[in-house]
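Following: one structure in structure tokens, then a few remarks.
There are 2 protein chains.
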Amino acid sequence: MSHPPFAVTVDLVLMTIADGALSALMQRRAEEPFTGYSALPGGFVGVDEGLDDAARRVLTDKAGLAGGDSAWLEQLFTFGDPQRDPRMRIVSVAYFALFPHAVLAEAVLSRPDLRLTTVSNLGEPLAFDHAAIIAAAHGRLKGKLDYSPIAFALLPELFTLRDLQAVHEAISGTKINKPAFRRRMLGTNWIEPTGQRESDTPFRPAELYRKSAHVADWRAD
Amino acid sequence: MSHPPFAVTVDLVLMTIADGALSALMQRRAEEPFTGYSALPGGFVGVDEGLDDAARRVLTDKAGLAGGDSAWLEQLFTFGDPQRDPRMRIVSVAYFALFPHAVLAEAVLSRPDLRLTTVSNLGEPLAFDHAAIIAAAHGRLKGKLDYSPIAFALLPELFTLRDLQAVHEAISGTKINKPAFRRRMLGTNWIEPTGQRESDTPFRPAELYRKSAHVADWRAD
DNA sequence: CATGCATATATGTCTATTGCATATAAGGCA
DNA sequence: TGCCTTATATGCAATAGACATATATGCATG
């Protein structure tokens, strides 16, 4: 058999927790096709460029994220329906990336074509098959939540147990029992107390934790 | 940005349990590159062909598996290192598929270029990055074992609880406590007793079970 | 300065699950 | 008939989680 030409792209689901809800960064399209639609940031893979490299490049260039090199970035799934792009045959390798809210909030402020949308309620039809890509990203995130320290990628360096629980609840869509969650998290070796406490609370301040050093580069696909 | 041409292939990790060990179907290569090496069955994706369709086609044509349409087939990961194929830039979408032992055993008997190799000990260097693909397939299988009825795809229609436990032990690489495994499996609604018993055993015959009808088309990626 | 509020943090109980040990059942075979 | 091997069932301890409740603490309010 011959080897027909394809274009290969990467599409990125950049997620964070905004206002207690899992949210993804969308980009308003200026060109055909799907002009004016919201789409995931993405781009063509260079002919001498690795897939992960292409994803990191799109992170920096298209979404304007300086901290792209330190973000949690993971290949998600590959979408290759022959009809998924009306222009030509495009196979898209989807990635998802996780950020503390401040990082994506700053990107949205600095770029008028970017916005955050709630993952569980997109609010408008998206370009291409991007709604399916987002659903796959949410599913993967939900599945890894319990056995991998993935939630910390959505939090700043210092966080309280309440913050961490809010992340878990936003992703899983369920309320979690507080003492049980607390024991479970302290039982893992994923977090360590800092001795510091949050400030400016109208109530008793909670202790601040940070992700343990030995899970800094944890992965398990 | 332009869209440089890629070739897109699918590579298949066809697995079963052989002699109590998780095993994968390998094909001896007759052409360059890697002539004489063992490789995963694979092939180019047609320009108007979906990725899953291409995987099913390779299952039937290259590996000679008639029952390919009913097998458990799942996209695994996409490998796209620019150097992974010396001929040209190829992005390969890897799939894994699961079969009862008899299906792959028959394929091996009818085709001299096919053989089964133990996943945990390949015994020889493989072509391309296929060793990494097999490792990824094993990891995915191990991860899904506990929360999905994936093991039944490796067993014939009727099986004993001992058979099922052997599958779990082969994949996880650990010994499992028998009464606990038994209770856990009977506690799920994944299996149902048939009332039949195995025959020709030199000891008390065990009851034969089958996969429950409502998990026949179960998936959760 | 005392009190109350909202939340953090700790503990105690109940239940479900799992590991482990043991007891009983049943077919084949000497 | 009795023994061997495995199937099947059950009892007990250890563990982990859900849930309720008690105590601690910073701040606001009077």
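Protein chains in written order, with this note's numbering: chain A, 4 to 224; chain B, 4 to 224.
Glycine included, C-beta positions come from ideal geometry on N, C-alpha and C.
Every value quoted in this text rests on a predicted model; they were computed, and no experiment measured them.
By DSSP, does A/P196 sit in helix, in strand, or in coil? strand
Residue(s) in a DSSP beta bridge with B/K214: B/I194
From B/T197 to A/A209, what does the alpha carbon distance come to, in whole angstroms? 57 Å
Only counting runs of 3 or more residues, tell me where the beta strand (DSSP E) segments fall wholly within the stretch 39-115 of chain B, in order along the chain. 45-47, 75-82, 93-101
Around the C-beta of A/S26, are 16 or more other C-beta atoms found within 10 angstroms, so that it is buried, or is it exposed? buried
Please report how far the alpha carbon of A/M188 lies from the alpha carbon of B/P44, in whole angstroms. The alpha-carbon atoms of A/M188 and B/P44 are separated by roughly 44 Å.
Residue-level contact to chain B via CB, A/D132, 8 Å cutoff: Put simply, the CB of A/D132 is far from chain B, with every gap to its CB atoms at 8 Å or more.
Tell me whether A/K181 is buried or exposed, calling it buried when 16 or more other Cβ atoms sit within 10 Å of its Cβ. exposed
Between the C-alpha atoms of A/T120 and A/L164, what's the straight-line distance to the nearest angstrom? 25 Å
Cβ of A/I174 within 8 Å of Cβ of A/K145? yes
Which of the residues in the stretch 42-72 of chain B, read from start to end, lie with their CB under 8 Å from any CB of chain A? Result list: G46, F47, V48, G49, V50, D51, E52, G53, L54.
Answer yes if the stretch 82-98 of chain B comes into contact with the stretch 116-135 of chain B, meaning at least three C-beta pairs across the two stretches below 8 Å, and no otherwise. yes
Label A/Y212 either buried or exposed according to how many other C-beta atoms from any shown protein chain fall within 10 Å of its C-beta, with 16 as the threshold for buried. buried
Limits of the alpha helix (DSSP H) - the one that A/S175 falls within: 164-175
Rounded to a whole number of angstroms, what is the C-alpha to C-alpha distance between A/H171 and A/T177? 8 Å
Could you tell me whether the stretch 11-24 of chain B touches the stretch 45-62 of chain B, where touching means 3 or more Cβ pairs closer than 8 Å? Yes, the stretch 11-24 of chain B is in contact with the stretch 45-62 of chain B.
I want to see whether chain A comes within less than 8 Å of B/V11, judged by CB atoms only; does it? yes
With distance defined between alpha-carbon atoms, name the residue in B/A58, B/A74, B/E52, B/E109 nearest to A/D84. B/E52
Just verifying my parser: in three-state terms, what is the DSSP assignment at B/F131? coil
Separation of A/A169 from A/E35, as counted between CA atoms: Roughly 39 Å separates the two Cα atoms.
Which of helix, strand or coil DSSP assigns to A/I20: strand
Which of the three DSSP states, helix, strand or coil, is assigned to B/L25? strand
State the Cα-Cα distance for the pair B/A57 and A/A139, rounded to the nearest angstrom. 21 Å
Are any of the Cβ atoms in chain B nearer than 8 Å to that of A/R92? Interface annotation, A/R92: in contact with chain B, CB-CB separation under 8 Å.
Rounded to a whole number of angstroms, what is the C-alpha to C-alpha distance between B/L148 and B/P159? 17 Å
Assigned secondary structure, A/A10 (DSSP; H/G/I helix, E/B strand, else coil): strand
Can you tell which of A/Q86, A/F99, A/L68 has its C-alpha closest to the C-alpha of A/W75? A/F99
Same chain, Cβ closer than 7 Å to B/E127, neighbours up to 5 away in sequence not counted: S41
Pull up the CB-CB distance for B/L117 and B/Q30, whole angstroms please, since I reckon it's below 8 Å. 6 Å
Alpha-carbon spacing of B/I137 relative to B/V122, whole angstroms: The C-alpha of B/V122 is placed about 7 Å away from the C-alpha of B/I137.
Tell me the residue span of the beta strand (DSSP E) that contains A/F119. Reading off the sequence shown, one finds Leu at residue 119 of chain A, where the question assumed Phe. Run containing A/L119: 117-121, per the beta strand (DSSP E) assignment.
Using DSSP bridges, identify the partner residues of A/R31. A/S41
Whose Cβ in chain A lies nearer than 9 Å to the Cβ of B/D14? What B/D14 touches in chain A: nothing, since even the nearest Cβ is about 12 Å away.
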